[in-house]
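Residue numbers (the numbering used here): 354 to 1427.
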């Protein structure tokens, strides 16, 4: 397909389509003075679609620009409408010059897209398997010899990126996937976006997915069409999108979720405006751009300066500050404090006073004179400083001075500034988190930065850290008694460590022969080599937390490899992932560095950056770091730090529940903000509240008029409900609020941004005004419920049971609509009575034959047993004492039967292999050099057969057919010896319910003492049995110590009290066997 054929499909634009184009063109003229690329092509596309009778303006189209990449988000009313939109969009492209890739989540979805686009006369090339023929076709496509659309699935992206330098000009995400998958696609397909690169994201609501899986799709589609946005609304969306982009006059900034990687959008301007800014500038810069949903990551750290110089000078004043008493710098606690991390703090800053002076005004409209007066007043009251400029929340015990670029940091040496210039970092405009962090870190202070991915967190501490190396290298080389690194960076894994090492090398310059600048301890087999290198002075040690513990254990055995006097910086990069994967190791490292280092200006520094605020990690540290700076780019994480409370409501009568809440709060004379996802919801809710005689104030967009309305609302004592669109919330800076009620949200980043309105409470003093977030959801909102439950668990809080019920009911509904009768039973359902995974491809209902207990299995009473293995803190493989232990083989206790089977198969010269595997059949498999019986639980193919241990454990393995040995009859008929014992309701803090490795090792070695304590008898009282599982309340050893208390003391966990009830419900609803 060439340009001529494409252009022949275009229609003349007129009517409402012409109006759309006119509005976009008008916006582009306003953009010209700030050198921002106009969105004319997308406006033309949207206008063409609206004129085309197929789509009727039912698609919500939003456009953004970041790093010369244009992002278009479309929310079609149905899947067919989305395919029509995509086909129309592709027809406008010249296939000779544009390389188009459509990415789907699954293989079958990619095949379907190929078929549907073919029906719409779009030529496609499907890449679903790795082969030489496919690779040759991709290379021809990349060279422009094949003019087709490349359709791929996520499983093929890594292979696609390895074929060669793939040139993608137009990337289409067929569905809006999870943030980390979205980011991975961009990194693999568009690692270095060029000017003119475009990305299209087709977002689909969960209601549309449910409709397609039922037989009511046609009726639902007709109803949906009645409620869709009219063509004029679509035109207004395009106009608003263009106007929003015109307000990008300061910087572009992004971030990313969950893990989690949720990108954010441009930096707000209104956060740094003054009251005396000229009217022309106010009108231009008063509207803050929307946060980008699943937005791109900028290819470089350099930021675009679009604002006039006069505006920069106007905004150069420091924001308002609020101090803290010196008495809050407390003494070092006992090491036991680090172990008590399972408790959840009710008040996140119980060790410090209120964050600001009562009655303080917002920092958006403060001039120099007022700021100076407030500083003197706040210092007199000796309270901490807090800032809400740049759209972030910053807290410190000392006064902070912001900067706008690396050149504004006097502590950076000329060499460091030049190195940053070569890396294109912060030359014209620093990232938001860097504006406070750079000066504070360079002056010798410690800090913690919490925010989304790719917002410049690592670059916030790296210049200071590398500058230490440059300054300390000459004297250390001349000292023959010196050893060890000057700085330590603790990273998540090997890949992250390699990336950080490359950044460090770029700042440190050419490699030195007399001094190792960067030492990497990232793999398992490198410890001895790294320890040998550290016997001499070195620069930066980059290590995973478990490897750093190993190096610490080697320190001093033969020769010291750490010199505390030379250690100036310790950084934890990705603390949420590090803490989640190795909490015990983190505690050891923190205790060590707090013991040997002094974290004050002029001594050592501690840098902590991550995606989540880890209260149990940071709370002990804050008392030891008197000069710590806290920077929150994520408003929801700031709310967790400040102690914002949550109320959860699930209701089918959504509007009725909202009315009830608002009427109740209004009677209580509370200040309530109702956050809506868009202007349509704002208008509809305002009318609804008026009919119910609930007085309200509406803010749809932020301008001078609404700004004054909001200030009047803040000053008044009236209890009017403030109804505001979510994209205007981050501009509202004024008085405190009592309740924030969430009336839906467009995506997770927008929902988190709504919590920025609580910044007002922090300025007013959070001990006095905490604030409450009221989260209301419909029973069908699976995605929203899952994201919030995941967020709660990551912060060691149990999610509301009503939200977990939403997840389970949506999962069961999905099973019935997709007919998963042939699928294996979900193991999470077996263990907890529900499934809360985001995606699960197993069955979530029981057949009646599955409700019967195992033959000869104990169902009630006390049992005594030996422990075969500890799978995790909640799961233990046991053997009853009636089956005595004959011997230990490879640390595995064997009964007389197990030892007999082992000897029989070891003595055979040849073993009969399995030729026709069957479900539930018994075979023999060699696991860890031990022959043992296994049962087949699932057969995917001859190369993927799932089996479960029967005698020497209860774990599952994936094996090949030729690995299975025929089990002779004399061994086959013996009953299973291993029982799967579960502590009822014991669960870790994650949605996958997977226990971290350090928790497993702790229980295995410290409670069960495996394998050092053979033949130890344990006891437990069986609560109930289900399938091959036996649920107990607790496990006791011979000394009376119980497992529950041990886990509660040492491991973050929670107890789900509804497990027994949910399993009984599953049994009662079992379906007849087919």
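No residue lacks a Cβ here, since even glycine has one placed at the ideal position from N, Cα and C.
* From which residue to which residue does the alpha helix (DSSP H) around residue 466 run? -> Residue 466 -> alpha helix (DSSP H) spans 460-472.
* Asked: Which ranges would you report for the beta strand (DSSP E) in the stretch 1371-1417 if only whole runs of at least 3 residues count?
  -> Assignment of beta strand (DSSP E) within the stretch 1371-1417, counting only whole runs of 3 or more residues, yields 1371-1379, 1382-1385 in chain order.
* Beta bridge counterpart(s) of residue 1216 as assigned by DSSP -> Answer is 1373, bridged to residue 1216.
* Asked: Taking three-plus beta-carbon pairs below 8 angstroms as touching, is the stretch 1027-1042 in contact with the stretch 1061-1069?
  -> No, the stretch 1027-1042 does not touch the stretch 1061-1069.
* Asked: How would you label residue 386, buried or exposed, when you count the other beta carbons within 10 angstroms and need 16 or more for buried?
  -> Residue placement at residue 386 is poorly supported in this model, since its pLDDT is 35, which falls under 50; the coordinates are not used for a value here.
* To do: At 3 residues or longer, and completely inside the stretch 1265-1348: list those beta strand (DSSP E) runs for me, N to C.
  => As far as the stretch 1265-1348 is concerned, its whole beta strand (DSSP E) runs of at least 3 residues are 1275-1280, 1283-1294, 1297-1302, 1309-1312, 1332-1336.
* **alpha helix (DSSP H) segments (min. 4 residues) lying fully within the stretch 732-805** => Unbroken alpha helix (DSSP H) stretches of 4 residues or longer found wholly inside the stretch 732-805: 767-775, 785-795, given in chain order.
* Could you please give the first and the last residue of the uninterrupted beta strand (DSSP E) stretch that includes residue 1060? => For residue 1060, no beta strand (DSSP E) encloses it; the enclosing alpha helix (DSSP H) starts and ends at 1057-1068.
* **N-terminal and C-terminal residue of the alpha helix (DSSP H) that residue 976 is part of** => 968-977 is the span of the alpha helix (DSSP H), which, as asked, contains residue 976.
* Quick one: measure Cβ to Cβ for residue 818 and residue 922, integer angstroms, because I've assumed they're closer than 8 angstroms. => Going by Cβ atoms, the distance from residue 818 to residue 922 rounds to 5 angstroms, so yes, they are a contact pair.
* Cross-strand partners of residue 417 (DSSP beta bridge) -> In the DSSP output, where bridge partners are listed per residue, residue 417 has 424.
* Residue of 1015, 1058, 1186 minimising C-alpha distance to residue 1045 -> Sorting 1015, 1058, 1186 by C-alpha distance to the C-alpha of residue 1045 places 1015 at the top.
* Could you tell me which residues DSSP puts in a beta bridge with residue 1106? => Per DSSP, none; premise fails for residue 1106.
* To do: Go to residue 886, then tell me how far its alpha helix (DSSP H) extends in each direction, as first and last residue.
  => Unbroken alpha helix (DSSP H) run through residue 886: 880-886.
* Is residue 1089 helix, strand or coil by DSSP? -> Correct three-state label for residue 1089: coil.
* Asked: For residue 1410, which residues of its own chain have a beta-carbon under 8 angstroms away from its beta-carbon, when the five flanking residues on both sides are left out?
  -> Correct list, in chain order: 1338.
* Beta-carbon separation of residue 1098 and residue 1030 under 8 angstroms? -> Inclusion of residue 1098 and residue 1030 in the CB contact set at 8 angstroms is warranted, their separation being smaller than that value.
* Beta-carbon spacing of residue 1404, residue 1340 below 8 angstroms -> For residue 1404 and residue 1340, no; Cβs fall outside 8 angstroms.
* To do: State the DSSP-derived secondary structure class of residue 993, mapped to helix, strand or coil.
  => In this structure, residue 993 counts as helix in the three-state DSSP scheme.
* **Test item: CB-CB of residue 1095 and residue 992 under 8 angstroms** => Cβ atoms of residue 1095 and residue 992: not closer than 8 angstroms.
* To do: State the Cα-Cα distance for the pair residue 1397 and residue 1373, rounded to the nearest angstrom.
  => Just so you know, the alpha carbons of residue 1397 and residue 1373 end up roughly 12 angstroms apart.
* Opposing strand residues paired with residue 1101 [DSSP bridges] -> None; residue 1101 has no bridge partner.
* Do the stretch 861-869 and the stretch 912-928 touch if we need at least three Cβ pairs shorter than 8 angstroms? -> No contact exists between the stretch 861-869 and the stretch 912-928.
* **Three-state secondary structure (DSSP) of residue 1096** => Secondary structure at residue 1096: strand, using DSSP grouped into helix, strand and coil.
* In DSSP terms, what residue 1050 is bridged to -> Beta-bridge annotation (DSSP): residue 1050 is paired with 1075.
* **Residue closest to residue 1175, alpha-carbon to alpha-carbon, out of 439, 1132, 1426** => With distances taken between Cα atoms, residue 1175 lies closest to 1426.
* **Start and end residues, alpha helix (DSSP H) containing residue 857** => Counting along the chain, the alpha helix (DSSP H) containing residue 857 begins and ends at 847-861.
* **Simplified DSSP state of residue 1161, which is helix, strand or coil** => In this structure, residue 1161 counts as helix in the three-state DSSP scheme.
* For residue 877, the three-state DSSP class (helix, strand or coil) -> Per DSSP, reduced to three states, the secondary structure at residue 877 is helical.
* **Inter-residue Cα distance where the pair is residue 418 and residue 523** => Whole-angstrom Cα-Cα distance: 14 angstroms.
* **Proximal residues to residue 497 (C-beta, below 7 angstroms), its chain only, five neighbours per side dropped** => 449, listed in sequence order.
* So which of 1114, 1023, 1080, 1055 has the shortest CA-CA distance to residue 1073? -> Of the residues 1114, 1023, 1080, 1055, the one whose Cα lies closest to the Cα of residue 1073 is 1023.
* To do: Return the chain-ordered list of same chain residues with a C-beta closer than 8 angstroms to the C-beta of residue 1428, the five sequence neighbours on each side being excluded.
  => Nothing about residue 1428 can be reported from this structure: the residues present for the chain run from 354 to 1427 only.
* **residue 1293 versus residue 1035: straight-line alpha-carbon distance, rounded** => C-alpha separation (whole angstroms): 51 angstroms.
* Rounded to whole angstroms, how far is the Cβ of residue 1177 from the Cβ of residue 1335, which I believe are closer than 8 angstroms? -> At roughly 19 angstroms, the Cβ-Cβ gap does not stay under 8 angstroms, so residue 1177 and residue 1335 are not in contact.
* To do: Can you tell me the Cβ-Cβ gap for residue 964 and residue 929, rounded? I've got them flagged as a contact below 8 angstroms.
  => Residue 964 to residue 929, Cβ: 5 angstroms. Contact.
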